[in-house]
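Numbering (the UniProt record's numbering), first residue to last: 1 to 201.
We treat Cβ as the ideally placed atom computed from N, Cα and C, and that holds for glycine.
So the structure is just underneath, and the comments pick up after that.
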Amino acid sequence: MLFHQIVPDYERVVVFRLGRVRPPKGPGLVLLLPLIDQFQRIDLRTRAFSIQPCKIKSRDDVLVSIGADVQFRVCDPILSVLSVQNLNFVIQNTAENLLAQSLGRKYFREICGDRMRIGEHFKEDINEQVKPWGVCVERVDLLMEAVQRSHEEHVTVPFNPLVGNPSGGIEQMIMQFVSMAKQVSATDTKPSISSPGLMSL
């Protein structure tokens, strides 16, 4: 006696019959053999996850706080079942590692100048890794929060997309802040001279 499953348009059923994988079934009515067939439903809809902003050092020694929004979907149900167990976790972990590796090879000017192109290259890098798992990455949006020049002062400057020359403008701002901080520090270290005619408030 057969039993059945109703499979919606956005799902497929991967069937294992006596331990052997069968072609994916669905959508619609799927007939299965009890005690012989084992099956797993696979969602084909687009999913998304976020890579939390983390500090990545660029090729020219600038710390960039950057994250990403990634959209992906399962394009091969059988590979997604046979390749990995926890698909979402593995993809997110892979994307986080590749983001650090990819941006670590870029100069800061490149990262700020054309984030869309870098996002496309990052998407291609992820797809090379996840394609054997039956997954396709459809979109990547890079999210930059701040930059920090690797000086001893560790001055952090928020990222401003309106700056015409990102690298030069940021560096000038950092140098100005550093100079001001040194002036204030030098002023504070000078001994104060009290005047007998003045009263401290």
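How about V74 and G28: are their beta carbons less than 8 angstroms apart? no
Would you please verify whether the beta carbon of L99 is less than 8 angstroms from any beta carbon of chain B? Here there is only one protein chain, and chain B is not present.
So the candidates are I126, C54 and P132; which of them puts its Cα closest to the Cα of E138? If we check each option's Cα against that of E138, I126 comes out closest.
Any idea if C112 is buried or exposed, counting beta-carbon neighbours within 10 angstroms, 16 or more meaning buried? Within a 10 Å sphere around the beta-carbon of C112 sit 16 or more other beta-carbons, which makes this residue buried.
Within the region 85-134, ranges of the beta strand (DSSP E) (whole runs, at least 3 residues): none
Can you tell me which of the three DSSP states S58 falls into? coil
Please state the DSSP three-state secondary structure of V155. Reliability of the predicted coordinates at V155 is poor, the pLDDT of 40 falling under 50, and the value obtained from them is presented with this limitation in mind. Correct three-state label for V155: coil.
Span of the beta strand (DSSP E), counted from its first residue to its last, around L29: Here the beta strand (DSSP E) through L29 covers G28 to L32.
Do L35 and Q5 have their beta-carbon atoms positioned less than 8 angstroms apart in this structure? Against a cut-off of 8 angstroms, the Cβ pair of L35 and Q5 comes out as no contact.
Mapping the DSSP letters down to three states, classify L79 as helix, strand or coil. helix
Leaving out the 5 sequence neighbours to the left and right, which residues in its chain are closer than 6 angstroms to R12 when beta-carbon positions are compared? P24, G26, I42 and P77
Taking the beta carbon of L103 as the centre, do at least 16 other beta carbons fall within 10 Å, making it buried, or is it exposed? buried
Coil, strand or helix - D69 by DSSP: strand
C-alpha gap between C136 and L87, whole angstroms: Cα-Cα distance, rounded: 12 angstroms.
Output needed for H121: all residues of its chain with C-beta closer than 8 angstroms, excluding positions within five of it in sequence on either side, in chain order. If we look at H121 and ignore the five residues flanking it on each side, its Cβ neighbours are S102.
So, with DSSP's three-state summary, where would you put P24? coil
Which stretch, first to last residue, makes up the beta strand (DSSP E) that contains D43? D37 to D43
Would you list the one or two residues that DSSP bridges to D141? D69
Relative to the C-alpha of G19, which residue among R105, D60, I56 and L82 is closest? L82
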